[in-house]
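>
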Amino acid sequence: MTRLHRSALALRLLITSLLALSSMASSAAELTVSAAASLSNAFKEMAPAFEAAHPGHKLLLNFAASDALLAQISKGAPVDVFASADQETMDKAEAQKLLQPGTRRHFAANSLVLVTPAEGGLALKSLAELARPEVKRIALGKPEGVPAGRYAKGALAAARLWPVVEAKAVYAINVRQALDYVARGEVEAGFVYGSDATAQKDKVRVLFAVPTETPIRYPVAAIAGSARAELAGQFIAYLLSPAGQVVLARHGFLKP
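Using this note's numbering, read the sequence shown as starting at 15 and increasing by one per residue.
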């Protein structure tokens with residue numbers, strides 16, 4: 015083979031490689047998932063495994079209170095998948111026709127618990143004991159915008175204790191902020207999900223589970239108009255798969 019032939023062959027191989035790389039780049043996609051703050055640790059752990067199963071694709075995670083995420087989506091934020099911490103918020107998304115029909119699924123459940131700082135926390139045995147004078151500050155998500163706060167308010171209202179707690183309430187913009195208030199010892203007690211307590215088990219102590227009027231179930235759905243509908247469906251399927259459920263269980267979530 016002459017030098018000219020070798021050069022021509024090398025050029026063809028280079029062009030072929032560049033075309034292949036270009037094809038891979040054009041087929042790659044970034045999937046944006048907006049998820050409730052309580053899902054942070056679990057979804058972050060899932061991301062590498064999902065990306066490994068879908069080469070060339072990147073998972074972009076956005077966490078906040080479910081209500082705040084819905085507001086972003088309704089204003090046109092480029093989101094492909096929405097995972098909420100309650101049915102009410104997802105119902106609103108569906109009513110606004112923001113969801114891709116037929117994609118809504120329940121993928122996890124949770125519990126509401128009362129926690130106290132691990133060191134020096136009060137040994138409260140019932141919701142009624144939140145009225146004790148030693149309990150000066152109680153953290154919870156703002157009910158108007160945070161599902162965990164709504165669950166807490168509902169439970170307290172049912173026990174006729176909402177006025178007592180409202181007077182001592184330190185409101186958080188999401189459930190993880192409420193958890194941080196307790197972990198840092200800035201409040202005497204706080205209402206968070208059982209999964210959140212697992213995330214800070216060395217800094218908070220679970221006192222007891224709080225009964226809620228409605229079960230705490232997490233729905234997920236693909237967003238209408240997403241350019242990555244197929245990949246969105248694959249992510250939802252992954253959440254429901256044995257591998258996804260194992261990760262969720264490890265982070266304190268219950269079966270859907």
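The C-beta atom is built at its ideal place from N, Cα and C for all residues, glycine as well.
Along the chain, where does the beta strand (DSSP E) containing Val93 start, and where does it finish?
Unbroken run through Val93: none, as it is neither H nor E.
> If I'm right that Val95 touches Ala246 with Cβ under 8 Å, what's the distance once you round it to whole angstroms?
Rounded, the Cβ-Cβ distance is 5 Å, consistent with contact.
> Whose C-beta lies closer than 6 Å to the C-beta of Pro270 among residues of the same chain, with five residues either side of it excluded?
The answer, listed in chain order, is His120, Phe121, Ala122 and Ala123.
> Could you name the residues of the same chain whose beta carbon sits closer than 8 Å to that of Lys139, not counting the 5 residues immediately before and after it, in chain order?
Leu221 and Phe222, listed in sequence order.
> I need the straight-line Cα distance from Arg264 to Ala171, nearest angstrom please.
Answer to the nearest angstrom: the Cα atoms are 32 Å apart.
> By the DSSP assignment, the beta strand (DSSP E) with Phe121 in it spans what residues?
From DSSP, the beta strand (DSSP E) with Phe121 extends over Arg119 to Asn124.
> Can you grab the Cα-Cα spacing for the pair Ser36 / Gly70, in whole Å?
Residue confidence is low: Ser36 scores 40 on pLDDT, short of 50, so the model does not pin down where it sits. Its coordinate-derived value is still stated next. Answer to the nearest angstrom: the Cα atoms are 12 Å apart.
> Thinking C-beta only, is Leu112 closer than 8 Å to Ile152?
Not in contact: Ile152 and Leu112 (Cβ atoms no closer than 8 Å).
> Look up Val47 in the DSSP assignment and say whether it is helix, strand or coil.
In this structure, Val47 counts as strand in the three-state DSSP scheme.
> How about Leu175 and Leu144: are their beta carbons less than 8 Å apart?
Their beta carbons are under 8 Å apart, which means Leu175 touches Leu144 by this criterion.
> Compare the Cα-Cα distances from Gln214 to each of Ala50, Leu45, Leu83 and Glu133 and report the closest residue.
Here the closest residue by C-alpha is Glu133.
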